[in-house]
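Enquirer: The sequence shown begins at 104 in the numbering used here and counts up by one.
Backbone N, C-alpha and C fix where the C-beta goes; we use that ideal spot for every residue, glycine too.
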Amino acid sequence: MNLIVYADFNRPMCCLASQRVDRLLARGLDVQWRAVEHDRRLSMMGTPSAALHAAENLDAARLLLMPGDWLPVTAPDQVSNTRAAVAGYAEAVSDGLQNEMRRSIFDAIWVHGRHLSDAYEVRRLIADLMWPPVPSMLYRLCDLPTPLARETDLTRAMRRSGGTVIPGGGPLTTIAWRRIRAWREEWRQLPTRELPTLVGPDGRVSQGIAALDALAALDTGAPGTLTAAAGLDASAYGAQQPARQRPGPMPDAISAALTTSAPMGRRVSRW
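1. Would you tell me roughly how many angstroms separate the C-alpha atoms of M148 and D180, rounded to the nearest one?
2. Could you give the DSSP three-state label for L275: helix, strand or coil?
3. Determine the closest residue to V176 out of R137, W213, I278, with distance taken between C-alpha atoms.
4. Does T267 come out as helix, strand or coil in the three-state DSSP assignment?
5. Relative to the C-alpha of D405, which candidate in M204, W234, D142 has its C-alpha closest?
6. Grouping DSSP H, G and I as helix and E and B as strand, with all else coil, what is W136?
7. Is it buried or exposed for I269, if we count other Cβ within 10 angstroms and need 16 for buried?
8. Provide the residue span of the beta strand (DSSP E) that contains A110, from first to last.
9. Do the CB positions of R188 and L219 come within less than 7 angstroms of each other?
10. Tell me the DSSP bridge mates of P375?
11. What residue from R281, W280, A230 has the CA that sits closest to A260's CA?
12. Out of curiosity, what's the CA-to-CA distance linking L132 and N105?
13. Ends of the beta strand (DSSP E) at T323?
14. Compare the Cα-Cα distances from E159 to each of M116, F209, Q122 and report the closest residue.
15. Which residue's Cα is closest to the Cα of Y109: R130, V134, L127, D305?
16. Ordered along the chain, which non-local residues of its own chain (more than five positions away) have a Cβ less than 7 angstroms from that of C118?
17. Give me the Cα-Cα distance between D336 and G266, rounded to the nearest whole angstrom.
18. Taking the beta carbon of S146 as the centre, do at least 16 other beta carbons fall within 10 Å, making it buried, or is it exposed?
19. Does DSSP put L301 in a helix, in a strand, or in coil?
20. So, under 8 angstroms CB-CB, R307 and V196 are touching, yes? Tell me the CB distance rounded to an integer number of Å.
21. Taking the Cβ atom as the reference point for each residue, do D111 and H156 lie within a distance shorter than 7 angstroms?
22. The alpha helix (DSSP H) spanning I229 covers which residue range?
23. If you draw a straight line from the C-alpha of D416 to the C-alpha of A222, how long is it?
24. So, are the CB atoms of G272 and R186 less than 7 angstroms apart?
25. Roughly how far, in whole angstroms, is the beta-carbon of R262 from the beta-carbon of D198, given that I think they are within contact range, below 8 angstroms?
26. Considering only residues of the same chain and omitting the five flanking positions on each side of I278, which have a CB-CB separation below 8 angstroms?
27. Put R186 into one of helix, strand or coil per three-state DSSP.
28. Please list, in chain order, all residues of the same chain as L168 whose beta carbon is under 7 angstroms from its beta carbon, the five residues on each side excluded.
29. Return the residue from the list A178, L200, R144 that minimises the CA-CA distance to N184.
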């Protein structure tokens, strides 16, 4: 079973999707998270949350909370441009730490309210993840070198210290740049560009609340209950796309969760 989720780090519904993906991963399901920027025009200096109705979006997302989910009561003061965060995540895929990096970015924005438009803020997250800090007192009282000084592989030292994100916010390597471009092109091929987006094993798509509903259904085995329980109109936030063609056979659990969705316009890559 292979599921693909497209999402941005500065959207509260994507934060919910991340938590539900973690529960599916814990159950052994194969879920690929593909980070995209929903709006590349956001200021690198940060955009005031009030200007983008972030509080209203957060309140709407909080109506969708289920047991095990969490969201902050108030939105971060600034809405981050997620170019650097997406780059850091794409590079983490190469290091096999994509899930840890995803959680770290969401925690920084939605738990600690940090502004991550600056590449150096994302670099700190990478370094904290790949090179956890050690008590400095241990090295002040003796001549032992620090762990960073003992690293003989300069490329590895650079990556572990956060250098996978360049100062301009882009990824360091060509493979990560191509990965980001492929993810974005796949997402832009969809009939609508709502986030989060869930793509099932046969290519059928659910977006917005419908994607959260499908993730919850896969976790709880009770499809179709989330939107009704919240008393919301799914069409206001992005419903499942109408089917364009007859879908092929798929596992019963996935079929129940993705009931009225459409195939993507192009084949999804395996990055």
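Expert: In short, the structure shows the following:
1. Translated into the one-based positions of the sequence shown, residue 148 becomes position 45. Translated into the one-based positions of the sequence shown, residue 180 becomes position 77. Roughly 12 angstroms separates the two Cα atoms.
2. The sequence position of residue 275 within the sequence shown is 172, counting from 1. Three-state DSSP puts L275 in coil, outside helix and strand.
3. Here the question's residue 176 lines up with position 73 in the sequence shown. Taking each of R137, W213, I278 in turn and checking the Cα distance to V176, the smallest one comes out for W213.
4. For the purposes of this step, residue 267 is taken as the residue at position 164 of the sequence shown. Coil at T267, not helix or strand.
5. Coverage of the chain is limited to positions 104 through 374, which leaves residue 405 absent and any answer about it impossible.
6. Numbered from its first residue, the sequence shown carries residue 136 at position 33. Three-state DSSP puts W136 in a strand.
7. Counting from 1 along the sequence shown, the entry for residue 269 is found at position 166. Label assigned to I269: exposed.
8. Start at 1 with the first residue of the sequence shown, and residue 110 comes out as number 7. 105–110 is the span of the beta strand (DSSP E), which, as asked, contains A110.
9. Locating residue 188 in the sequence shown gives position 85, where the first residue counts as 1. Locating residue 219 in the sequence shown gives position 116, where the first residue counts as 1. The residue you asked about is not Arg; residue 188 is Ala in the sequence shown. It is a contact, given that the beta carbons lie within the stated cut-off.
10. Limits of the chain in this structure are 104 at one end and 374 at the other, which puts residue 375 out of reach.
11. Numbered from 1 along the sequence shown, position 157 holds the residue referred to as residue 260. A260 has its Cα closest to that of A230, out of R281, W280, A230.
12. By one-based count along the sequence shown, residue 132 stands at place 29. By one-based count along the sequence shown, residue 105 stands at place 2. Distance between the alpha carbons of L132 and N105 is about 7 angstroms.
13. As a working note, residue 323 is residue 220 in the sequence shown. Note, T323: premise wrong, no beta strand (DSSP E); alpha helix (DSSP H) at 312–323.
14. The count along the sequence shown starts at 1 and reaches residue 159 at position 56. Among M116, F209, Q122, the Cα nearest to that of E159 is on M116.
15. Taking the sequence shown and counting its residues from 1, one reaches residue 109 at position 6. Residue V134 is the option with its Cα nearest to Y109.
16. Walking along the sequence shown from the start, residue 118 turns up at place 15. For C118, where only same-chain residues beyond five positions count, the Cβ hits under 7 angstroms are L174, F209, W213.
17. Here the question's residue 336 lines up with position 233 in the sequence shown. Here the question's residue 266 lines up with position 163 in the sequence shown. Low confidence applies to D336: its pLDDT is 41, below 50, so where it sits in the model is not reliable enough to give any reading.
18. Counting from one through the sequence shown, the residue named residue 146 turns up at place 43. Exposed, because fewer than 16 other Cβ atoms sit within 10 Å of the Cβ of S146.
19. Counting from one through the sequence shown, the residue named residue 301 turns up at place 198. Of the three classes helix, strand and coil, the one that applies to L301 here is strand, per DSSP.
20. Taking the first residue of the sequence shown as 1, we reach residue 307 at position 204. Taking the first residue of the sequence shown as 1, we reach residue 196 at position 93. At roughly 24 angstroms, the Cβ-Cβ gap does not stay under 8 angstroms, so R307 and V196 are not in contact.
21. Along the sequence shown, one-based indexing puts residue 111 at 8. Along the sequence shown, one-based indexing puts residue 156 at 53. Not a contact, by the Cβ cut-off of 7 angstroms.
22. Against the sequence shown, residue 229 aligns to sequence position 126. Element bounds for I229: 222–233.
23. With the chain covering 104 to 374 only, the question about residue 416 has no answer from this structure.
24. Working through the sequence shown from its first residue, we reach residue 272 at position 169. Working through the sequence shown from its first residue, we reach residue 186 at position 83. Yes; because the gap between Cβ atoms is below 7 angstroms, this pair is in contact.
25. Here the question's residue 262 lines up with position 159 in the sequence shown. Here the question's residue 198 lines up with position 95 in the sequence shown. For R262 against D198, the beta-carbon gap comes to about 7 angstroms, under 8 angstroms, which counts as contact.
26. What you label residue 278 is simply residue 175 of the sequence shown in a count that begins at 1. Closer than 8 angstroms at the Cβ level, and outside the excluded window around I278, lie S197.
27. The sequence position of residue 186 within the sequence shown is 83, counting from 1. Residue state, collapsed to three classes: helix.
28. Indexing the sequence shown from 1 puts residue 168 at position 65. These residues qualify, in order along the chain: L174.
29. Residue numbering aside, residue 184 sits at position 81 when the sequence shown is read from its first letter. Each of A178, L200, R144 was checked against the Cα of N184, and the nearest Cα belongs to R144.
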